[in-house]
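Protein chains: 2
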Amino acid sequence: MPNCKSPPFEITLKVRDSCLCLHLQRAARAVARQFDEALRPLDLTNGQFSLLMSLNRSEPPSIGSVSALLAMDRTTLTANLKPLERRGLVQTAIDPADRRSRRLTLTAAGSALLAAAVPVWEETHAATEHLLSGADPERLRTDLRALSGPRAVALCP
Amino acid sequence: MPNCKSPPFEITLKVRDSCLCLHLQRAARAVARQFDEALRPLDLTNGQFSLLMSLNRSEPPSIGSVSALLAMDRTTLTANLKPLERRGLVQTAIDPADRRSRRLTLTAAGSALLAAAVPVWEETHAATEHLLSGADPERLRTDLRALSGPRAVALCP
DNA sequence: ATTTATTGGGTTGATATCCACGTATTTACG
DNA sequence: CGTAAATACGTGGATATCAACCCAATAAAT
Numbered sequence: 012m013p014n015c016k017s018p019p020f021e022i023t024l025k026v027r028d029s030c031l032c033l034h035l036q037r038a039a040r041a042v043a044r045q046f047d048e049a050l051r052p053l054d055l056t057n058g059q060f061s062l063l064m065s066l067n068r069s070e071p072p073s074i075g076s077v078s079a080l081l082a083m084d085r086t087t088l089t090a091n092l093k094p095l096e097r098r099g100l101v102q103t104a105i106d107p108a109d110r111r112s113r114r115l116t117l118t119a120a121g122s123a124l125l126a127a128a129v130p131v132w133e134e135t136h137a138a139t140e141h142l143l144s145g146a147d148p149e150r151l152r153t154d155l156r157a158l159s160g161p162r163a164v165a166l167c168p
Numbered sequence: 012m013p014n015c016k017s018p019p020f021e022i023t024l025k026v027r028d029s030c031l032c033l034h035l036q037r038a039a040r041a042v043a044r045q046f047d048e049a050l051r052p053l054d055l056t057n058g059q060f061s062l063l064m065s066l067n068r069s070e071p072p073s074i075g076s077v078s079a080l081l082a083m084d085r086t087t088l089t090a091n092l093k094p095l096e097r098r099g100l101v102q103t104a105i106d107p108a109d110r111r112s113r114r115l116t117l118t119a120a121g122s123a124l125l126a127a128a129v130p131v132w133e134e135t136h137a138a139t140e141h142l143l144s145g146a147d148p149e150r151l152r153t154d155l156r157a158l159s160g161p162r163a164v165a166l167c168p
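In order, the protein sequences belong to chains L and H.
Going by this note's numbering, the first residue of the first sequence is number 12, and it counts up by one from there.
Going by this note's numbering, the first residue of the second sequence is number 12, and it counts up by one from there.
1. Looking at C-alpha atoms only, which residue of L:150, L:157, L:118 is the closest neighbour of residue 63 of chain L?
2. CA-CA distance, residue 71 of chain L and residue 17 of chain H?
3. For a quick check, are the C-beta atoms of residue 158 of chain H and residue 131 of chain L less than 7 Å apart?
4. If we define contact as Cβ-Cβ less than 7 Å, is residue 129 of chain H a contact residue for chain L?
5. Leaving aside the five residues before and after residue 56 of chain L along the sequence, list all residues of the same chain whose C-beta is less than 7 Å from its C-beta, in chain order.
6. Which term fits residue 23 of chain L, buried or exposed, when burial requires 16 or more other beta carbons within 10 angstroms of its beta carbon?
7. Got a sec: is the Cβ-Cβ distance from residue 18 of chain H to anything in chain L below 7 Å?
8. Could you confirm whether any beta carbon from chain L is found closer than 7 Å to the beta carbon of residue 120 of chain H?
9. Taking the C-alpha atoms as reference points, what is the distance between residue 156 of chain L and residue 108 of chain L?
10. Starting from the C-beta of residue 149 of chain H, find all residues in its chain whose C-beta is less than 8 Å away, skip the five residues before and the five after it, and write them out in chain order.
11. So that I know if they touch, is there some Cβ in chain L lying closer than 7 Å to that of residue 103 of chain H?
12. Can you have a look at residue 111 of chain H and say buried or exposed, based on whether 16 or more other CB atoms are within 10 angstroms of its CB?
13. At a Cβ cut of 9 Å, what residues of the stretch 26-40 of chain H count as close to chain L, listed as they run along the chain?
14. Keeping to the same chain, check which residues put their C-beta closer than 8 Å to that of residue 67 of chain L; ignore five residues upstream and five downstream.
15. Quick check on residue 27 of chain H: buried or exposed, where buried means 16 or more other Cβ atoms within 10 Å of its Cβ?
16. Among H:19, H:25, H:20, H:31, which one has its Cα closest to the Cα of residue 147 of chain L?
17. Using three-state DSSP, classify residue 110 of chain L as helix, strand or coil.
18. Does DSSP put residue 82 of chain H in a helix, in a strand, or in coil?
19. Do we get a CB-CB distance below 7 Å when we pair residue 74 of chain H with the residues of chain L?
20. Are the CB atoms of residue 78 of chain L and residue 85 of chain L nearer to each other than 7 Å?
21. When the distance is taken between beta carbons, is residue 100 of chain H closer than 7 Å to residue 127 of chain H?
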């Protein structure tokens, strides 16, 4: 008699149909693939695009503030910066006012590449919102922000 | 005069506030962390939990069907199976009816661990839905399914 | 029946993600 | 002041994710 201690199949159906974590992972993977594919001619991923975009401001932000903005682990951001630094798209410099902090800035090449990616983003984002059919994208964004924790901090300069 | 070719700052604000890809990645990361933390005593990640749960059925599914269900790349699933196989939670066997296909089954240890994880999932999922405050979780799930592509295929046995 | 196309998976290489641990700097406190 | 707590990052290790390329087995075409 197999599966003496197995969870009942009804639980499996419940998780499949209702788990927000699973639903989020699926949607995040699917949408990320769309953006990755669209950005591939520029040799950028969706995460690299979002990261570069978050650095497009006059006051160079620190590692911690960007990682909070993107709701990612601080060490993940450190890792993600390496290929961008290697390609000369981003530069880091120690903050003279607080020598623990590193300030992140786009290079000219980084800014140019980011500018070239904007039309791709516009197009892909429109296609993504189109997938929602009649649903309200802003309402979805509100829900996603609520799940992202109190990290929707200010990016303003 | 720096940033001659930089995207205008208004674009940055627009992406930050409206990009569904970014919003999804943020929420997915944040929620995944919650589940990972809750499941850590069982030495499971949210992805491992979802994968094990998707194998809790009488007819052992193939790699391709599970990867479609989870909306992940086929090769990602192959990689994710390795630590679970190493721990003796999952077994794979060539399908005699089609020798290209590998059928995935939970072991007794896998079923037992999954059963132990169900209460953790219940608790964590309730906390996640609570983050939505007044919003309708089912409406959010509907939106997420629309973004996950036509992969919400049947898991039924 | 042979050839061809399709399908199901695996492997490798690169990036992504997070945790546990450690280091350096700054701030707070006594 | 000088020490303790807090802050800002980095490294190493493990898993996660996907593209590109390859192989084996089945299905389709002539």
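Virtual Cβ for every residue (Gly too), placed ideally from N, Cα, C.
In short:
1. Stepping through the first sequence from its first residue, residue 63 of chain L is reached at position 52. The shortest C-alpha separation from residue 63 of chain L is found at L:118.
2. Your numbering for residue 71 of chain L matches position 60 in the first sequence. Your numbering for residue 17 of chain H matches position 6 in the second sequence. Roughly 14 Å separates the two Cα atoms.
3. For the purposes of this step, residue 158 of chain H is identified with residue 147 of the second sequence, where counting begins at 1. For the purposes of this step, residue 131 of chain L is identified with residue 120 of the first sequence, where counting begins at 1. Result no, Cβ atoms of residue 158 of chain H and residue 131 of chain L do not sit closer than 7 Å.
4. As a working note, residue 129 of chain H is residue 118 in the second sequence. By this cut-off, residue 129 of chain H is an interface position.
5. On the first sequence, residue 56 of chain L is found 45 positions in, with the first residue counted as 1. So the list reads 47, 50, once near-sequence residues are dropped.
6. Working through the first sequence from its first residue, we reach residue 23 of chain L at position 12. That one is buried.
7. As a first step, residue 18 of chain H must be located in the second sequence, where it is residue number 7. Output row for residue 18 of chain H: interface = yes.
8. Here residue 120 of chain H refers to the residue found at position 109 when the second sequence is read from its first residue. It does not: the Cβ of residue 120 of chain H has no partner Cβ on chain L nearer than 7 Å.
9. Here residue 156 of chain L refers to the residue found at position 145 of the first sequence. Here residue 108 of chain L refers to the residue found at position 97 of the first sequence. Between residue 156 of chain L and residue 108 of chain L, the C-alpha separation is close to 32 Å.
10. Along the second sequence, one-based indexing puts residue 149 of chain H at 138. There are no such residues.
11. Here the question's residue 103 of chain H lines up with position 92 in the second sequence. At a cut-off of 7 Å between beta-carbon atoms, residue 103 of chain H makes no contact with chain L.
12. For the purposes of this step, residue 111 of chain H is taken as the residue at position 100 of the second sequence. Residue 111 of chain H is exposed by the Cβ-count criterion.
13. 26, 27, 28, 29, 30, 31, 32, 33, 34, 35, 36, 37, 38, 39, 40
14. As a position in the first sequence, residue 67 of chain L is number 56, starting the count at 1. Within the same chain, residue 67 of chain L has close Cβ partners 117, 122, 125.
15. Position 16 of the second sequence, counting from 1, holds the residue named residue 27 of chain H. Classification for residue 27 of chain H: buried.
16. For the purposes of this step, residue 147 of chain L is taken as residue 136 along the first sequence, with counting starting at 1. Among H:19, H:25, H:20, H:31, the Cα nearest to that of residue 147 of chain L belongs to H:31.
17. Here residue 110 of chain L corresponds to residue number 99 of the first sequence, with the count starting at 1. Three-state DSSP puts residue 110 of chain L in coil, outside helix and strand.
18. Taking the first residue of the second sequence as position 1, residue 82 of chain H is located at position 71. Note: residue 82 of chain H maps to coil in three-state DSSP.
19. For the purposes of this step, residue 74 of chain H is taken as the residue at position 63 of the second sequence. By this cut-off, residue 74 of chain H is not an interface position.
20. Within the first sequence, residue 78 of chain L is the residue found at index 67, counting from 1. Within the first sequence, residue 85 of chain L is the residue found at index 74, counting from 1. Yes; because the gap between Cβ atoms is below 7 Å, this pair is in contact.
21. As a working note, residue 127 of chain H is residue 116 in the second sequence. As a working note, residue 100 of chain H is residue 89 in the second sequence. No, the pair does not count as a contact, with Cβ atoms beyond the cut-off.
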